[in-house]
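Below: one structure, written as structure tokens.
Here it is as structure tokens:
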């Protein structure tokens, strides 16, 4: 399961909408070994394409070096699909090179709908996982769990027992 702060999801969706009709891409870094995404890093799609994304190689080198210097790793690698559902394409699967990362996809095909899905991609095998959005601004004990797109929708609320 991917647990991610609402503010980071909002920033990713805003990036995807801003770059539409081209695909947007980026990384959310977190402390090594924590599986906790904490720092949103929007990146440039050097392909400038509606159907493909590619990190600029020099920007990627700088970002990965900065993560290394900060004892971080790519917890989430994200990109958008502009005309299709949020599901990895064959190209996405073939380029998935971080087996420990969550691959978050955002579809911007519908302007008024957030379609967000997360996957693990290891050795060409795609496994969808639930996305748990934590909204710390509302109540640090409040948690919302979602599965978007073609997945069964679920919402779970955890109460602090007050």
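Numbering (full-length UniProt numbering), first residue to last: 1 to 162. Each residue gets a CB set at the ideal place from its N, CA and C atoms; glycine is no exception.
What does the alpha-carbon distance come out to for the pair residue i and residue j?
i           : j           : result
residue 63  : residue 110 : 31 Å
residue 14  : residue 118 : 17 Å
residue 65  : residue 74  : 11 Å
residue 89  : residue 54  : 14 Å
residue 9   : residue 36  : 13 Å
residue 56  : residue 44  : 7 Å
residue 135 : residue 69  : 29 Å
residue 30  : residue 71  : 8 Å
Of all the options the options, which has the alpha carbon lying nearest to the alpha carbon of residue i?
i           : options             : result
residue 51  : 119, 4, 95 and 21   : 21
residue 19  : 54, 48, 84 and 8    : 48
residue 85  : 102, 29, 98 and 113 : 113
residue 17  : 116, 97 and 92      : 116
residue 2   : 76, 31 and 59       : 76
residue 177 : 23, 68, 58 and 12   : A query on residue 177 cannot be resolved here, the shown segment of the chain reaching from 1 to 162 and no further.
residue 104 : 130, 59, 91 and 123 : 130
residue 4   : 32, 26, 40 and 33   : 40
May I ask you to report which of helix, strand or coil DSSP gives residue i?
i           : result
residue 148 : With a pLDDT of only 47 at residue 148, under the threshold of 50, the placement of this residue in the model should not be trusted; the figure read from the coordinates follows. Residue state, collapsed to three classes: coil.
residue 131 : strand
residue 162 : Per-residue confidence for residue 162 stands at a pLDDT of 40, beneath the threshold of 50, marking its modelled position as unreliable; the derived number appears in the next sentence. If DSSP states are grouped into helix, strand and coil, residue 162 belongs with coil.
Inset, instruction - Pick out the complete beta strand (DSSP E) segments inside the UniProt domain "MPN" (2-125), 3 residues or longer, and give them in chain order. - result: If we require 3 residues or more, the beta strand (DSSP E) runs fully inside the UniProt domain "MPN" (2-125) come out as 2-5, 25-31, 39-43, 72-81, 102-107 and 115-122.
Legend entry - the segment 95-114 contacting the segment 65-84, beta-carbon criterion three pairs below 8 Å: The answer is yes - the segment 65-84 touches the segment 95-114, with three or more Cβ pairs under 8 Å.
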